[in-house]
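Asks:
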Amino acid sequence: MTEPDAVSGVDGAAKQAGRGANEEGEGTIRRVTEAKHHEVRQTTTRTITLEVTRYRPGQDSAPVLESFDVPLMDDWAVLDGLNYIKDQLDGTLSFRWSCRMGICGSCGMNVNGEPRLTCGTFFTEFGDGPIRIEPLKGFPIIRDLVVEVDDFLDKLRHVKPWLIREGEELPLTTEHAQTPAQLEAYKQYSMCINCMLCYSACPVYVLDPDFLGPAAIALAQRYELDSRDMGDRFDMLNLDEAVWGCTFVGECTKVCPKHVDPAEAIQRYKVTAAMRSILPWSRR
Ligand code: SF4
Ligand code: FES
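In this text, residue positions in the sequence shown follow the UniProt record's numbering: the first is 1, and each later residue adds one.
(1) Assuming Gly-102 contacts Leu-82 (C-beta within less than 8 Å), just tell me the rounded distance between them.
(2) Should Met-109 be labelled buried (16 or more other beta-carbon atoms within 10 Å of its own) or exposed?
(3) State the DSSP-derived secondary structure class of Glu-26, mapped to helix, strand or coil.
(4) Apply the 10 Å Cβ neighbour rule to Gln-221 and answer buried if 16 or more other Cβ atoms are within range, or exposed otherwise.
(5) Who are the near neighbours of Gly-58 in its chain, counting only those whose CB is closer than 6 Å to its CB and skipping five residues on each side?
(6) Skipping 5 residues on each side, what residues in its chain have a beta carbon closer than 7 Å to that of Pro-115?
(7) Given the structure, does Leu-212 come close to ligand 4, in the sense that its CB is under 6 Å from one of the ligand's heavy atoms?
(8) For Gly-120, name the three-state secondary structure that DSSP assigns.
(9) By the 10 Å Cβ neighbour count, where 16 or more other Cβ atoms means buried, how is residue 295 classified, buried or exposed?
(10) Tell me the residue span of the beta strand (DSSP E) that contains Val-149.
(11) Which residues, in chain order, sit with a beta-carbon under 7 Å away from any heavy atom of ligand 2?
(12) Give the C-beta separation of Val-78 and Ile-131 to the nearest angstrom, bearing in mind that I take them to be a contact with Cβ-Cβ under 8 Å.
(13) Which of helix, strand or coil does DSSP assign to Glu-169?
(14) Please list the terminal residues of the continuous alpha helix (DSSP H) segment that includes Met-109.
(15) Following a CB-centred definition, is Lys-258 positioned closer than 6 Å to any heavy atom of ligand 1?
(16) Does the segment 160 to 173 come close enough to the segment 230 to 242 to have 3 or more Cβ pairs within less than 8 Å?
(17) Starting from the C-beta of Ala-185, find all residues in its chain whose C-beta is less than 8 Å away, skip the five residues before and the five after it, and write them out in chain order.
(18) Can you tell me whether residue 285 is buried or exposed, with buried defined as 16 or more other CB within 10 angstroms of its CB?
(19) Residues in the same chain with beta-carbon distance under 7 Å from Tyr-269, minus the five sequence neighbours each way, listed in chain order, please.
(20) Return the Cβ separation of Cys-192 and Val-260 in integer angstroms, given the expectation that the two are a contact with Cβ distance under 8 Å.
(21) Which partner residues of Glu-134 appear in the DSSP bridge assignment?
(22) Run through DSSP, which three-state label would Pro-180 get?
(23) My guess is that Val-111 and Ile-133 are in contact by the Cβ rule of under 8 Å, so how many angstroms apart are they, rounded?
(24) Can you tell me which of the three DSSP states Arg-54 falls into?
(25) Could you please give the first and the last residue of the uninterrupted alpha helix (DSSP H) stretch that includes Ser-200?
Right, dumping it as structure tokens:
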């Protein structure tokens, strides 16, 4: 995920209030009764109700749910519904998105309680609704459906997600060819789009924010398994807050939209770490 634009008017205290108060406000649903006049050409008269988290720092003591009725279009994703609300019903609704095609990783939200990419989650899955859309669980809320990403980005940076070469000066001029088999060794772990769904689904991360987490460990494996990399991330992975903190619930892998399989990456590194304790000279 590219680093998102900052959301203005948010202070630290408000962010913390959001993290703690998210679940407390779930029982309250505010309904929008008067839609503004709009000019969208509708090809359906059916509507579906979206129950959307609202949290405005400085105004709300806790997040609440607000209901909006939007056109029930068969080819609309949840993100289309949110954009309809923003364009036609309430321009103050805040949420992140960019590509609308499952690539940028910025539109992750909890949809009916599950971490999902809203651009790839279609109304047709939910019958007549309603659909509940909440911010990703486990992260402080900045505003409405926008969550804080700094901790996630810090964890990605922590594993040194770049090719480490020894004895080579920058800029690198040497080509390091790989065989298809060498590419295949790490390719799966390179498909991550940094959507944070796996963190939101991970019970360990939700309880312990110090846990390095699924995507960061999969990212470390992406480089550890790359034949061109000469680094060693053992000291940052062989920890209770890293691979040994994982209880192998496997939810990260279930929700991953790119089939990265972070749970497998973590278990594989557990084997690597265990082997190194027996054979200290072995590396990967
Ligand atoms: S591992 Fe999967 S779920 Fe986790 S951030 Fe990457 S793409 Fe998203
Ligand atoms: S908008 Fe980019 S992944 Fe959904």
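We put the CB at the ideal spot given by N, CA and C, even for glycine.
Source: prediction; values computed, not measured.
Replies: A quick look at the data gives this:
(1) Taking the first residue of the sequence shown as 1, we reach residue 102 at position 102. Taking the first residue of the sequence shown as 1, we reach residue 82 at position 82. That belief does not hold up - the Cβ atoms of Gly-102 and Leu-82 are roughly 16 Å apart, past 8 Å.
(2) Translated into positions along the sequence shown, residue 109 becomes position 109. Met-109 should be labelled buried.
(3) Along the sequence shown, one-based indexing puts residue 26 at 26. With a pLDDT of 43 at Glu-26, under the threshold of 50, the modelled position of this residue cannot be trusted; read the value that follows with caution. Of the three classes helix, strand and coil, the one that applies to Glu-26 here is helix, per DSSP.
(4) Counting from one through the sequence shown, the residue named residue 221 turns up at place 221. With 16 or more Cβ atoms within 10 Å of its Cβ, Gln-221 is classed as buried.
(5) Within the sequence shown, numbered from 1, the residue matching residue 58 stands at position 58. There are no such residues.
(6) What you label residue 115 is simply residue 115 of the sequence shown in a count that begins at 1. Answer for Pro-115: Gly-108, Leu-136, Leu-197, Ser-200, Ala-201 and Val-255, listed in chain order.
(7) By its list of ligands, the structure shown excludes ligand 4, since it contains just ligand 1 and ligand 2.
(8) Counted from its first residue, the sequence shown places residue 120 at position 120. Helix.
(9) In the structure displayed, the chain extends from 1 to 284; residue 295 sits before or after that span and is not available.
(10) Sequence index remark: in the sequence shown, residue 149 carries index 149 (1-based). Here Val-149 belongs to no beta strand (DSSP E), and DSSP marks it neither H nor E.
(11) Leu-79, Trp-97, Ser-98, Cys-99, Arg-100, Met-101, Gly-102, Ile-103, Cys-104, Gly-105, Ser-106, Cys-107, Leu-117, Thr-118, Cys-119, Gly-120, Ile-193 and Cys-195
(12) Locating residue 78 in the sequence shown gives position 78, counting from the first residue. Locating residue 131 in the sequence shown gives position 131, counting from the first residue. Their Cβ separation, rounded to whole angstroms, is 6 Å, which keeps Val-78 and Ile-131 in contact under 8 Å.
(13) Walking along the sequence shown from the start, residue 169 turns up at place 169. Looking at Glu-169 - three-state DSSP - the assignment turns out to be coil, as it is neither helix nor strand.
(14) Here residue 109 corresponds to residue number 109 of the sequence shown, with the count starting at 1. From DSSP, Met-109 is part of no alpha helix (DSSP H) but of the beta strand (DSSP E) over 108 to 111.
(15) For the purposes of this step, residue 258 is taken as the residue at position 258 of the sequence shown. Checking every heavy atom of ligand 1 against the Cβ of Lys-258, one is found closer than 6 Å.
(16) yes
(17) Taking the first residue of the sequence shown as 1, we reach residue 185 at position 185. Excluding positions up to five away in sequence, the list reads Leu-225, Asp-226 and Ser-227.
(18) There is simply no residue 285 to check, as the chain begins at 1 and stops at 284 in what is shown.
(19) Here residue 269 corresponds to residue number 269 of the sequence shown, with the count starting at 1. Within the same chain, Tyr-269 has close Cβ partners Ile-217, Gln-221, Leu-237 and Val-243.
(20) Along the sequence shown, read from residue 1 onward, the residue named residue 192 stands at position 192. Along the sequence shown, read from residue 1 onward, the residue named residue 260 stands at position 260. Their Cβ separation, rounded to whole angstroms, is 5 Å, which keeps Cys-192 and Val-260 in contact under 8 Å.
(21) In the sequence shown, residue 134 corresponds to position 134, counting from 1. In the DSSP output, where bridge partners are listed per residue, Glu-134 has Asn-110.
(22) Looking up residue 180 in the sequence shown gives position 180. Note: Pro-180 maps to helix in three-state DSSP.
(23) To locate residue 111, count along the sequence shown from 1; it is residue 111. To locate residue 133, count along the sequence shown from 1; it is residue 133. That belief holds up - the Cβ atoms of Val-111 and Ile-133 are roughly 6 Å apart, short of 8 Å.
(24) For the purposes of this step, residue 54 is taken as the residue at position 54 of the sequence shown. Strand.
(25) Taking the sequence shown and counting its residues from 1, the one referred to as residue 200 is at position 200. Run containing Ser-200: 197 to 201, per the alpha helix (DSSP H) assignment.
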